[in-house]
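Working notes, structure below.
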Amino acid sequence: MDPRPGHPEVLALDPVRPDPEQLAALADRMAAGSLVAFPTETVYGLGARIDRPAALDRIFAVKGRPATDPLIVHVASIDALDGIVGRVPDRLTALARAFWPGPLTVVLDRGPLIRDSITAGGATVAVRVPAHPVAAGLIRAVGTGVAAPSANRFGRISPTRAADVVDELADRLAPGDVVVDGGPTPLGIESTVVDLTGPRPTVLRHGGVSVEDLVEVLGALDAPERRTVDDDSASPAPGGLLRHYAPATPLVLVDGDRQRVEELAVALAERSVPARSLDLPADPAAAAAVLYRTLREADGTASVLLAAVVAPEGVGRGVNDRLFRAAHGRVVTDSSPGTVDRLVALARA
């Protein structure tokens, strides 16, 4: 594909057995300062080497990402953390044994290789070992940590396909940058983030590893259902802003069953306000796999989008967290006339 701005270079790779020579060529691009968008098991990431400050700065510019929102550093294994983190605590070893490679990000004290731009100037760094063969192979070929947020415009719906990345960033990528097409991402939502720097492990973001599974490894931990940070405040990990993962069409989270969603949709239609239900699968894992694709397909097709909460089991907490933030914290619990009035006002604002 034509690599001019607006037509980024797209490279298709086998998602199970990516070509080592092509991975090495991508690593060479990153060594030269280019950005590479690549699939992980969660969502597509936009990656730069941690030792290329200009490339790191370009991540923020391309995404329109505020400097207060830190980046996750992806590494090949727990053995690759030397210099990236200050030390490897016993609790990390236990978590790595259980969940790495996989959709778990851990916040630790930062090491000397980590720049302020990665951590929003903070004293900690978020690290992960991805399981996707393309991501894992690319990071091994790079030979150092790869900082990679989701490959989309900041605050928008996360990408789960290469086409999503192109739609989001085509006019912002530069010659030399590459979008790797490794097919759809299997999990569909971002990693769980756990902070190990305090006296008690704390879940900062729900995601691909459930609280129940974490408790089996760590024992007691803090896992607030909805943690938010101010727009202007630095955070130890991404994903804490109230407004995130959002479509352009207003979304409302319905704390109730599908019948309540349908009642609201009918009531809105009677007020000449087209509404669309996201109609996610009841199974939390299945809902996670299609969440962002469903949001993208629904965006712009109605005046209001409605989504019922999913069961808060397994990755269900992560799905509900993404819906809550995509809805900018708008949650309704009934289909009363007053609630319908508020939704009509939202649609017509």
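Under the numbering used here, the first residue of the sequence shown is numbered 70, with each subsequent residue one higher.
Heads up, the beta-carbon is just placed ideally off N, CA and C, and yes, glycines get one too.
Computed from a predicted structure; not experimentally measured.
By the criterion of a C-beta distance shorter than 7 Å, proline 353 is surrounded in its chain by Val379, Ala380, Glu382, Gly383, Val384, Gly385 and Val388, once the five residues flanking it on both sides are discounted. In this structure, proline 172 lies away from valine 85, with their beta-carbon atoms at least 8 Å apart. Counting along the chain, the unbroken alpha helix (DSSP H) around tyrosine 361 starts and ends at 353-367. Collapsing the DSSP output to three states places leucine 242 in coil. Counting only residues of its own chain and dropping the five nearest sequence neighbours on each side, serine 186 has a CB closer than 6 Å to the CB of Leu125. Judged by DSSP secondary structure, threonine 162 falls within the alpha helix (DSSP H) whose first and last residues are 159-168.
With respect to the C-alpha of histidine 143, the residue from Gly114, Ala232 and Ala192 having the closest C-alpha is Gly114.
Taking the C-beta atoms as reference points, aspartate 368 is found nearer than 8 Å to proline 316. Secondary structure of serine 186 (DSSP, three-state): helix. Taking one beta carbon from each stretch, the stretch 201-221 and the stretch 333-346 have fewer than 3 pairs nearer than 8 Å; the two do not touch. Under a 10 Å Cβ-count criterion, alanine 377 is classified as buried, with 16 or more other Cβ atoms of the shown protein chains found around its own Cβ.
Assignment of leucine 150 by DSSP, reduced to helix, strand and coil, places it in the helix class. Its chain contains Leu177, Asp178, Arg179, Gly180, Val194 and Val196 as the residues whose beta carbon lies nearer than 7 Å to that of valine 154, once the 5 sequence neighbours on both sides are disregarded; these appear in chain order.
Straight across, the Cα-Cα distance linking isoleucine 141 with alanine 117 is about 11 Å. The alpha carbon of glutamate 294 has as its nearest neighbour, out of Arg417, Val373, Phe107 and Gly309, the alpha carbon of Gly309.
Contact between the stretch 322-341 and the stretch 400-417 is present: three or more C-beta pairs spanning the two stretches fall below 8 Å.
The beta-carbon separation of proline 228 and alanine 200, rounded to 18 Å, does not stay under the 8 Å limit for a contact.
Boundaries of the beta strand (DSSP E) around glycine 114: 113-118.
In the assembly as shown, proline 108 is a buried residue. Its beta-carbon has 16 or more other beta-carbons within 10 Å. Taking C-beta separations shorter than 6 Å and ignoring five residues to either side along the sequence, the partners of threonine 271 in its chain run Asp264 and Asp291, following chain order. Note that the stretch 93-113 touches the stretch 210-217; at least 3 beta-carbon pairs, one per stretch, sit closer than 8 Å. Between glutamate 110 and proline 307 a beta carbon distance of about 17 Å is seen, past the 8 Å cut, so the two are scored as non-contacting.
For serine 103, the closest of Ala217, Thr261 and Gly276 by C-alpha to C-alpha distance is Ala217.
When secondary structure is reduced to three states using DSSP, aspartate 250 falls in the strand class. In the DSSP assignment, threonine 271 falls within the beta strand (DSSP E) that extends over 271-274.
Under DSSP, alanine 106 forms a beta bridge with Leu115 and Val248. Buried is the label assigned to serine 279, since at least 16 other Cβ atoms lie within 10 Å of its Cβ. Judged by DSSP in its simplified three-state form, arginine 225 adopts strand.
Straight-line measurement puts the Cα of aspartate 250 at about 31 Å from the Cα of histidine 397.
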